[in-house]
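Sequence order for the protein chains is A and B. Numbering of the first sequence is given in our numbering, commencing with residue 678 and proceeding in unit increments. Numbering of the second sequence is given in our numbering, commencing with residue 24 and proceeding in unit increments. Shown next, in structure tokens, is the structure this report addresses.
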Amino acid sequence: MTATTTGTVPVSDVDPFGHDALEDPLPMHAELRDAGPVVYLSRYDVHAFARYDEVHAALVDWQGFQSAAGVGLSNFRYEKPWRPPSLLLEADPPKHDAPRRVLQKVLGPRALRRLRERWSADADALVDEVLGRGSTFDAVPSLTSAFPLRVFPDAVGLPQEGRENLLPYSDHAFNAFGPGNGLVAKGAPRVGELSAWVAAQCRRDVLAPVGFGADIWAASDRGDITPEMAPLVVRSLLTAGVDTTVHALSAVLYAFATHPDQWARLRQEPSLARVAFDEAVRWESPVQTFFRTATTDVRVGDVVIPEGHKILMFLAAANRDPRRWTDPDAFDLSRDPSGHVGFGMGIHQCVGQHVARLEAESLLTALARRVRSIELAGPTKRHHNNTLRAWESIPVRVELDRS
Amino acid sequence: MTATAPPPTSLPADVAALRVTAKEIRADGVLTLELTAPSGGRLRDWTPGSHIDLTLPNGLTRQYSLCGDRRDPTTYRVGVLREPEGRGGSAFVHDALAVGDLVGVGGPRNNFPLVPSEQYLFVAGGIGITPILPMVRQADLVGADWRLLYGGRRRGSMAFLDELSGYGDRVLVRPEDEHGLLDLAGFLGEPRGGVRVYACGPAPLLAATEGACAGWPPHTLRTERFVADELGAPARSAAFEVELARTGATVTVTPEMTVLDALSRVGVEVLSSCRRGVCGTCETEVLAGRPDHRDALLDDDEREANDCMYVCVSRSRDERLVLDL
Chain A
678 MTATTTGTVP VSDVDPFGHD ALEDPLPMHA ELRDAGPVVY LSRYDVHAFA RYDEVHAALV
738 DWQGFQSAAG VGLSNFRYEK PWRPPSLLLE ADPPKHDAPR RVLQKVLGPR ALRRLRERWS
798 ADADALVDEV LGRGSTFDAV PSLTSAFPLR VFPDAVGLPQ EGRENLLPYS DHAFNAFGPG
858 NGLVAKGAPR VGELSAWVAA QCRRDVLAPV GFGADIWAAS DRGDITPEMA PLVVRSLLTA
918 GVDTTVHALS AVLYAFATHP DQWARLRQEP SLARVAFDEA VRWESPVQTF FRTATTDVRV
978 GDVVIPEGHK ILMFLAAANR DPRRWTDPDA FDLSRDPSGH VGFGMGIHQC VGQHVARLEA
1038 ESLLTALARR VRSIELAGPT KRHHNNTLRA WESIPVRVEL DRS
Chain B
24 MTATAPPPTS LPADVAALRV TAKEIRADGV LTLELTAPSG GRLRDWTPGS HIDLTLPNGL
84 TRQYSLCGDR RDPTTYRVGV LREPEGRGGS AFVHDALAVG DLVGVGGPRN NFPLVPSEQY
144 LFVAGGIGIT PILPMVRQAD LVGADWRLLY GGRRRGSMAF LDELSGYGDR VLVRPEDEHG
204 LLDLAGFLGE PRGGVRVYAC GPAPLLAATE GACAGWPPHT LRTERFVADE LGAPARSAAF
264 EVELARTGAT VTVTPEMTVL DALSRVGVEV LSSCRRGVCG TCETEVLAGR PDHRDALLDD
324 DEREANDCMY VCVSRSRDER LVLDL
């Protein structure tokens, strides 16, 4: 896994989607950052950006780095997507404009105000249930996957049946941004069944009369989007609205369980919950990578990336680039994490970021109220995904306030 | 508690002020301005129908539709009509504003978005062509079936005829001194579904278009009303105070710093992300005082409510703001 230079572009034969890299990507990130502002990945015939400046520049430059040819390895100019492309993620202006405008309003901070009290109560209830069962538990099933599943599908307006399909569907979708490796093959047997279930949940008559789904259909009634677009906009919520938050919550709880001094700070200043979550998103980068396609020859120093070629952006590497961050490997609540690219940046910046932050704030506040200390109670286990940084298991032990 | 300095890629100046880099006469009484970031960096993204708030060197704030090329991220173009009955904004732009001057900027915001449709009918009167021009470009780009009816007093007063000439007979140029009042009914044809009508121009034209569209399906027509003159108070250029309601502490915000910066200096960390007023992360509740909204998010009603602001870019119209912090 060494970077060599042929001509002017550094070359690496690393496999970012192989077992070793997925288990621990940090050494690879450091090597790619140090090799140069752009590195050619020979295994996949793509160019890669791992430094903050290049990743940030590519993210915000939708004119030069397009999404409509796919944001995974697959190039939609030549290959058929596995499902109809997302109108948000896999679209460029002008087609991207209306769906983005609608969903940004539906999921905006002002729209979420009505959920704040309810989610706070839900978090208290869940935390009480979990702590009531004992002081040692696995944070992933008990909290980080339980809480989003408790609050988000209701907020969308999904029926109760079939919600267990959300995580497997999303896991496959995020695997599918990578190469056709074993992780993608593993999801193939169920993809037809899961896709059909997801599509069925996007219909107007299935969604509750109040909720994000209903809001999207209301926008189509007003003509802000077409009726043909509405189901696909709802689909975006189902694909990207649960799995990502589960892994982000896992990241922040893992961060706290391994940094007791930071938990103590949060207990002292509960208003740090929002900063803590964004710092955890920077530190772990639940979404590790996305691709773009060059719409014109892109010059990076002496290197020219030809028009139509894929570019792999390492969001996670950018989020720990020492050129941008002081002491980047530290999880530190006194840091200002603003500018991290864990949610992306620019017109495609995660449209659900405010939802994720509200979920995290609710859960962290509820925990900080009752839990004096939190530490790992055993070895953690990763869950491998071509795009997501995820855990299967985070065993923790907590000490409660005497009440 | 210290926070790390704002990131080097954040350019607060570029969301606070732009430089006039071109000023060109387009027609009798109509000029265009080109505006770029002082650093030469990317401007905030926009969609057809968007407008920006410009705060002129004389303190007046005016809104202008963006009529340039959105694929050029470094430049905004706006069109400005000289309004003889105006309160000084357009006169200043025409007579006093010079290439090289800095202007304050807010937005872009879009109250007039181009929604997806297979067929568009565009109606523009006079300076109302400015938001319509990028819509025409976009409709053409996506291969929609579109027509533009463009009216004005006389040909010499109508801007962008050269840019529109490439579209052939999709564009109907109908100056009043040659054709009389616009034949809206003839242009629109029979009421039918699948059409979006966009109209911008003087109030009587909009009223006539609304009348002509009365029998059409709901949501067919969208109009943009140009307020001839902003009635608000001049923008504040002096320092102002921000009071933090939960602690009673106050902080002074001087002209070269953002509210976010000022808060950070006294140890109050409001989470932010884009630092350009586009993502919404730093939304903060306002309890008293009128913010000077410079963000790209709130619509007019939300702005007027004055119950929240985005502290990374927005400022204050009053001497004192009280925030729920």
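Glycine included, every Cβ here is placed at the ideal spot set by N, Cα and C.
Query: Does the pairing of the region 275-287 of chain B with the region 100-114 of chain B give three or more beta-carbon distances under 8 angstroms?; Result: no
Query: Is A/Ser1070 near A/Asp815, with beta carbons less than 8 angstroms apart?; Result: yes
Query: Given that a residue counts as buried once 16 or more other Cβ atoms are within 10 Å of its Cβ, and exposed if not, what is B/Ser19?; Result: Because chain B in this structure spans residues 24 to 348, residue 19 of chain B falls outside the shown range and cannot be described.
Query: Could you check the C-alpha separation between A/Val910 and A/Ala891 for me, to the nearest Å?; Result: 11 angstroms
Query: Give the range of the beta strand (DSSP E) segment to which B/Met332 is assigned.; Result: 331-333
Query: Counting contacts by CB-CB distance shorter than 8 angstroms, is A/Thr903 in contact with chain B?; Result: yes
Query: Could you have a look at A/Leu704 and say whether DSSP puts it in helix, strand or coil?; Result: A small fix is needed here, since residue 704 of chain A is Pro in this sequence, not Leu. Looking at A/Pro704 - three-state DSSP - the assignment turns out to be helix.
Query: With a cut-off of 8 angstroms on the beta carbons, I'd call B/Arg177 and B/Asp200 a contact; round off their distance for me.; Result: 4 angstroms
Query: Any C-beta of chain B sitting closer than 8 angstroms to the C-beta of A/Phe1020?; Result: yes
Query: Distance check for B/Phe183 and B/Leu207, CA to CA, integer angstroms please.; Result: 21 angstroms
Query: What does the alpha-carbon distance come out to for the pair B/Gly151 and B/Arg248?; Result: 9 angstroms
Query: Using a Cβ cut-off of 8 angstroms, pull out every chain A residue sitting near B/Glu266, in sequence order please.; Result: Under the 8 angstroms cutoff, chain A gives no residues; its nearest Cβ is about 17 angstroms from B/Glu266.
Query: If you measure between the beta carbons of B/Val309 and B/Met332, is that distance less than 8 angstroms?; Result: yes
Query: Nearest by alpha-carbon distance to B/Pro107: which of B/Ile48, B/Arg299, B/Gly52, B/Asn81 is it?; Result: B/Gly52
Query: Which residues share a DSSP beta bridge with B/Asp315?; Result: B/Arg338
Query: Any idea which residues DSSP pairs A/Val1048 with across the strands?; Result: A/Leu1077
Query: Determine, for A/Gly900, whether the minimum Cβ-Cβ distance to residues of chain B falls below 8 angstroms.; Result: yes
Query: May I have the straight-line CA-CA distance separating A/Phe1020 from B/Val196, to the nearest angstrom?; Result: 47 angstroms
Query: List the residues of chain A whose Cβ lies closer than 9 angstroms to the Cβ of B/Gln161, in chain order.; Result: Pro770, Pro771, Asp774
Query: Which chain A residues sit within Cβ distance under 7 angstroms of B/Val138?; Result: Ala775, Gly900, Asp901
Query: Does any residue of chain A have a CB that is nearer than 8 angstroms to the CB of B/Thr97?; Result: no
Query: Quick check on A/Val1075: buried or exposed, where buried means 16 or more other Cβ atoms within 10 Å of its Cβ?; Result: buried
Query: Using the rule of at least 16 other Cβ atoms within 10 Å of the residue's Cβ for burial, across every protein chain shown, is A/His706 buried or exposed?; Result: buried
Query: Assuming B/Cys90 and B/Leu156 make a contact with CB atoms under 8 angstroms, what is their CB distance in whole Å?; Result: 5 angstroms
Query: Quick one: Cα of B/Thr153 to Cα of B/Ala272, how far?; Result: 46 angstroms
Query: Taking C-beta pairs closer than 7 angstroms, name the residues in chain B that A/His1031 reaches, listed in chain order.; Result: Gly303
Query: Pop quiz: B/Val159 and B/Phe145 are said to be a contact at Cβ under 8 angstroms. What is the actual Cβ separation, rounded to whole angstroms?; Result: 6 angstroms
Query: Could you tell me how far apart the beta carbons of A/His1060 and A/Ala1067 are, in whole angstroms, since I believe they sit closer than 8 angstroms?; Result: 4 angstroms
Query: Of all the residues that make up the region 231-244 of chain B, which are near chain A by a beta-carbon distance shorter than 7 angstroms?; Result: His242
Query: For a contact defined as C-beta to C-beta under 7 angstroms, what are the partners of A/Gly785 on chain B?; Result: Gly303
Query: B/Ser62 CB to nearest chain A CB: under 8 angstroms?; Result: no
Query: Quick one, which of A/Leu1041, A/Arg969, A/Arg1046, A/Arg1000 has its alpha-carbon nearest A/Ser744's?; Result: A/Arg969
Query: Can you name the residues of chain A whose CB is closer than 9 angstroms to the CB of B/Thr246?; Result: Within 9 angstroms Cβ-Cβ: nothing; B/Thr246 doesn't reach chain A, min ~14 angstroms.
Query: Report buried or exposed for B/Arg360, applying the criterion of at least 16 other Cβ atoms within 10 angstroms of its Cβ.; Result: The first residue shown for chain B is 24 and the last is 348, placing residue 360 of chain B beyond what the model contains.
Query: Given a cut-off of 8 angstroms, decide if A/Gly900 and B/Val218 are closer than it, judged by their beta-carbon atoms.; Result: no
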